[in-house]
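Chains as they are written, first to last, in this note's numbering: chain A, 402 to 518; chain B, 177 to 502.
Heads up, the beta-carbon is just placed ideally off N, CA and C, and yes, glycines get one too.
From a predicted model like this one, the values you see are computed outputs, not experimental measurements.
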């Protein structure tokens, strides 16, 4: 009886660890320790990078590095920043997969997109 | 130097008069004369001469039936290195207007009154404008004036009696003025936009007027395409300009690009004004259209106001740009 339980535990523990690693790693990266891909810098009237791809659940943060205010507004009405003056930030967490085009409503030539997978 | 320029221009004018209207020569003349330029539209024939200072400047408005001044892009609230004190430079512009030998009848502000549409910024602007000798000020909004509230505050303060997002028209001694709004509901990837409703209104507003009525259109973003990469144009301006085709004298005044640009196309004269706050780079000469930092002692040479004189007999408008530092 005791031996059988031990055997199950012995198999289950590495399995559970593997499951945790698989499910947990991307989430950890996106929320607690954002990679460079989850940051969009607004500089010289440009969103950079213009397209970024992030896993579901990622938080993307925009930072305005220009001397002129900008916004980051989803073309499909999914998210809408307030006006960001110099060095101000806006963050949005993407909970569903999809492609999210966005633009600056003040300077509509400025466009970008977030691809969530 | 000024006399030399004047001679050159006179020579060019003579050539123009002999050969008819040579637009290439005319535009070339405008290009090198730069900021200090007066030009008149007389029955569709453009005539230009260097904008003079001193004695000649006093002559500029002489014989005019009325005159007005265009100011633009005061960006009250902006405090970055390109100009840490935009209130002071606006005040300088107002002082300049008040010192004009021929008092302007009114002022047109072609937008970007403020940097961030803050109530305190609008208050400061109002305070400075109160000191202007011309009490009548006509506004159109820039994109900076409708940042977070779709322009509600702007309309409350400056939009009494206007339609839609703030467009309107008025008459002054036989000249028909139309203030247009091309900074509302901008579409992703596009430039300035007037929108269907405003275009319909404009067509209707101009319809019943005689072709001899001088027309002045003013809006924030240029109503002609200057540089699409930077959004310096209006997507549906062609439609608007089709409504003024029958008129003998059309003047289009814009701001937004913080520098002087002019173009004459048939009977339509296009003109953009300097900012009173900070200069922006010439199209394509910088990575972006952001504020341009110039040495402090040169700032007043790249900021300025635009003085427009109208003579009824010739149905002509003479436009003179003058830097604050002149």
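Beta-bridge partners of residue i, as assigned by DSSP
{"i": "residue 419 of chain B", "result": "BP columns for residue 419 of chain B are empty, so no partner."}
{"i": "residue 403 of chain B", "result": "B:408"}
{"i": "residue 485 of chain A", "result": "A:471"}
{"i": "residue 494 of chain A", "result": "A:460"}
{"i": "residue 285 of chain B", "result": "B:247, B:315"}
{"i": "residue 429 of chain B", "result": "B:394, B:447"}
{"i": "residue 503 of chain A", "result": "A:475, A:513"}
Status (buried if at least 16 other CB within 10 Å, exposed otherwise) for residue i
{"i": "residue 373 of chain B", "result": "exposed"}
{"i": "residue 470 of chain A", "result": "buried"}
{"i": "residue 355 of chain B", "result": "buried"}
{"i": "residue 390 of chain B", "result": "buried"}
{"i": "residue 346 of chain B", "result": "exposed"}
{"i": "residue 249 of chain B", "result": "buried"}
{"i": "residue 510 of chain A", "result": "buried"}
{"i": "residue 435 of chain B", "result": "buried"}
{"i": "residue 484 of chain B", "result": "buried"}
{"i": "residue 259 of chain B", "result": "buried"}
{"i": "residue 418 of chain B", "result": "exposed"}
Contact check, residue i vs residue j, beta carbons under 8 Å
{"i": "residue 359 of chain B", "j": "residue 317 of chain B", "result": "yes"}
{"i": "residue 289 of chain B", "j": "residue 484 of chain A", "result": "no"}
{"i": "residue 353 of chain B", "j": "residue 286 of chain B", "result": "no"}
{"i": "residue 448 of chain B", "j": "residue 392 of chain B", "result": "no"}
{"i": "residue 272 of chain B", "j": "residue 500 of chain B", "result": "yes"}
{"i": "residue 352 of chain A", "j": "residue 473 of chain A", "result": "Absent from the structure is residue 352 of chain A, since the part of chain A shown begins at 402 and ends at 518."}
{"i": "residue 431 of chain B", "j": "residue 443 of chain B", "result": "no"}
Run of the beta strand (DSSP E) containing residue i, from where it starts to where it stops
{"i": "residue 509 of chain B", "result": "An answer regarding residue 509 of chain B cannot be provided, because it is not within the stretch 177 to 502 covered by chain B."}
{"i": "residue 345 of chain B", "result": "344 to 348"}
{"i": "residue 440 of chain A", "result": "440 to 444"}
{"i": "residue 246 of chain B", "result": "242 to 247"}
{"i": "residue 353 of chain B", "result": "351 to 355"}
{"i": "residue 447 of chain B", "result": "444 to 448"}
Cα-Cα separation, residue i to residue j
{"i": "residue 363 of chain B", "j": "residue 453 of chain B", "result": "27 Å"}
{"i": "residue 437 of chain B", "j": "residue 446 of chain B", "result": "8 Å"}
{"i": "residue 474 of chain B", "j": "residue 397 of chain B", "result": "25 Å"}
{"i": "residue 480 of chain B", "j": "residue 269 of chain B", "result": "7 Å"}
{"i": "residue 331 of chain B", "j": "residue 337 of chain B", "result": "9 Å"}
{"i": "residue 476 of chain B", "j": "residue 312 of chain B", "result": "25 Å"}
{"i": "residue 499 of chain A", "j": "residue 507 of chain A", "result": "25 Å"}
{"i": "residue 376 of chain B", "j": "residue 422 of chain B", "result": "17 Å"}
{"i": "residue 445 of chain A", "j": "residue 324 of chain B", "result": "22 Å"}
{"i": "residue 516 of chain A", "j": "residue 348 of chain B", "result": "55 Å"}
{"i": "residue 319 of chain B", "j": "residue 254 of chain B", "result": "14 Å"}
{"i": "residue 408 of chain B", "j": "residue 456 of chain B", "result": "12 Å"}
{"i": "residue 453 of chain A", "j": "residue 309 of chain B", "result": "54 Å"}
N-terminal and C-terminal residue of the alpha helix (DSSP H) that residue i is part of
{"i": "residue 439 of chain B", "result": "Segment 437 to 441 is the beta strand (DSSP E) holding residue 439 of chain B; no alpha helix (DSSP H) there."}
{"i": "residue 268 of chain B", "result": "262 to 274"}
Proximity test, residue i beta-carbon vs the ligand PLP heavy atom, cut-off 7 Å
{"i": "residue 381 of chain B", "result": "In the structure shown, the ligand PLP is absent, as is every other ligand, since no ligand is present at all."}
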